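Just below is one structure, and these are the notes that go with it.
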Amino acid sequence: MSHPCAVANCQRSSRALCHCCQQNICRDHLIEHDDLLNSRLNPIVDEINQLNDRLNHINLKDALVDTHEQLENWRRKSYRAIDEFINEQAV
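Listed below in structure tokens is the structure:
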């Protein structure tokens, strides 16, 4: 037995169950519902594709070299600060 369409004031019988919202809806409202979901989904897909492109263009070797240089600079500054502190305490 068919369920009525879940859209308010629609008298048609449902023809499909939406897997996203679990509502039984008629064919006309299924098309509207699908269009609405796609209009929300397409911008997200575009963002994911842009992010994927950015990730594919990252040069990991350069990123690691830069990070290693930053870490080495921090290490030198830290040792320098410790040495200065010890020298001040010795005076």
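Numbered according to the UniProt record's numbering, the sequence shown terminates at residue 91, and the numbering increases by one at each position without gaps.
Each residue gets a CB set at the ideal place from its N, CA and C atoms; glycine is no exception.
Fair warning: this is a prediction, and the values are worked out from it, not measured in the lab.
message = Taking contact to mean 3 or more Cβ pairs, one atom from each stretch, closer than 8 Å, check whether the stretch 53 to 62 and the stretch 30 to 44 are in contact.
response = Because the criterion of three Cβ pairs below 8 Å is not met, the stretch 53 to 62 and the stretch 30 to 44 do not touch.
query = When the Cα atoms are used, what is the spatial distance from residue 68 to residue 91?
reply = 35 Å
ask   = Skipping 5 residues on each side, what residues in its chain have a beta carbon closer than 8 Å to that of residue 11?
value = 4 and 5
ask   = CA-CA distance, residue 48 and residue 38?
value = 15 Å
ask   = Per DSSP, residue 4 is paired with what?
value = Within the DSSP bridge table, the entry for residue 4 names 13 as partners.
ask   = What are the boundary residues of the alpha helix (DSSP H) that residue 33 is part of?
value = 27 to 56
ask   = Would you call the CB atoms of residue 30 and residue 8 closer than 8 Å?
value = Cβ atoms of residue 30 and residue 8: not closer than 8 Å.
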